[in-house]
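> By our numbering, the letter at position 56 of the sequence shown is numbered 474, and the numbering carries on one by one without gaps. Every residue, glycine too, gets a C-beta built ideally from N, C-alpha and C. I have a structure here, written as C-alpha cells, and I will follow up with some questions on it.
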Amino acid sequence: MTVLKYLQAYPAQLQDQVRQLIAEGRLGEYLNQRYSGRHDVQSDKALYSYALDLKQQYMRNAPAIDKVLFDNRLDLTHRALGLHTTVSRVQGGKLKANKEIRIAALFKDAAPDFLKMIVVHELAHFKESDHNKAFYKLCEHMLPGYHQIEFDLRVYLTWRDMQA
Numbered sequence: 419m420t421v422l423k424y425l426q427a428y429p430a431q432l433q434d435q436v437r438q439l440i441a442e443g444r445l446g447e448y449l450n451q452r453y454s455g456r457h458d459v460q461s462d463k464a465l466y467s468y469a470l471d472l473k474q475q476y477m478r479n480a481p482a483i484d485k486v487l488f489d490n491r492l493d494l495t496h497r498a499l500g501l502h503t504t505v506s507r508v509q510g511g512k513l514k515a516n517k518e519i520r521i522a523a524l525f526k527d528a529a530p531d532f533l534k535m536i537v538v539h540e541l542a543h544f545k546e547s548d549h550n551k552a553f554y555k556l557c558e559h560m561l562p563g564y565h566q567i568e569f570d571l572r573v574y575l576t577w578r579d580m581q582a
C-alpha cells in the first residue's frame with residue numbers, strides 16, 4: 419500500500435481513491451482536468467501586488483503587509499509551503515512590526531488556484547493565528563471551495579513527488 423504523506427490526516431476512503439488513481443496512472447490526468455494552466459505571477463513584485471489585492475478585497479482592516487516574496491528555501495521537507503512572520507523592532511521610542519509572507523518557489527509553476535490558496539492561507543493567519551474554525555471560515559470566505567483546493571493541492575504534491 420502506497421503511503422500518502424501529504425494526505426495522512428484525511429479519511430481512508432479518500433486516500434484509497436487517490437491510490438486507485440495512482441494505480442490506474444490517472445492522477446496527473448485528474449489534476450490536469452481540474453487545474454490546468456499556469457498563473458502569470460512570476461516575480462516577487464507581482465506576488466506582492468497579488469497578495470495586496472486579495473487583502474484589500476477581503477481584509478481591509480488587517481494590518482498592512484510589508485513584504486511578500488517567493489522563497490527558494492521553503493520546501494516540502496519542512497512541510498512549509500508558505501510562511502507568515504511578524505518581525506518587531508524598536509525604532510526610537512516606538513515598536514514597529516513588519517508583516518511578511520513567504521511563498522515556496524514551487525508555486526511559480528503551479529495552477530492559479532493553488533497559488534491563491536496558499537496566499538489566502540497566509541493572509542488569514544494575520545487575523546487568526548491558529549488553525550481553528552474561525553481561521554478556516556475566513557479562508558472559505560476569501561476562496562470559496564478552499565477545502566477542496568487544499569485537498570487537491572496535497573494530491574498535486576503527491577503527484578509531484580511521484581514524478582521526481
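Would the segment 480-495 count as touching the segment 550-561 if we require 3 or more Cβ pairs under 8 Å?
Not touching, per the Cβ criterion.
> How long is the line joining the alpha carbons of residue 478 and residue 423, rounded to whole angstroms?
36 Å
> Any idea if residue 531 is buried or exposed, counting beta-carbon neighbours within 10 angstroms, 16 or more meaning buried?
buried
> Is the beta carbon of residue 442 sitting closer than 8 Å to the one on residue 500?
no
> What is the DSSP secondary structure of residue 467, counted as helix, strand or coil?
In the three-state scheme derived from DSSP, where H, G and I count as helix and E and B as strand, residue 467 is classed as helix.
> Between residue 542 and residue 553, how many whole angstroms is the CB-CB distance? I'm expecting something under 8 Å.
6 Å
> To which residues of the same chain is residue 457 closer than 6 Å at the C-beta, ignoring the five residues directly before and after it?
The answer, listed in chain order, is 530 and 533.
> Under 8 Å, do residue 577 and residue 449 count as touching if we go by C-beta distance?
Yes, the pair counts as a contact, with Cβ atoms nearer than the cut-off.
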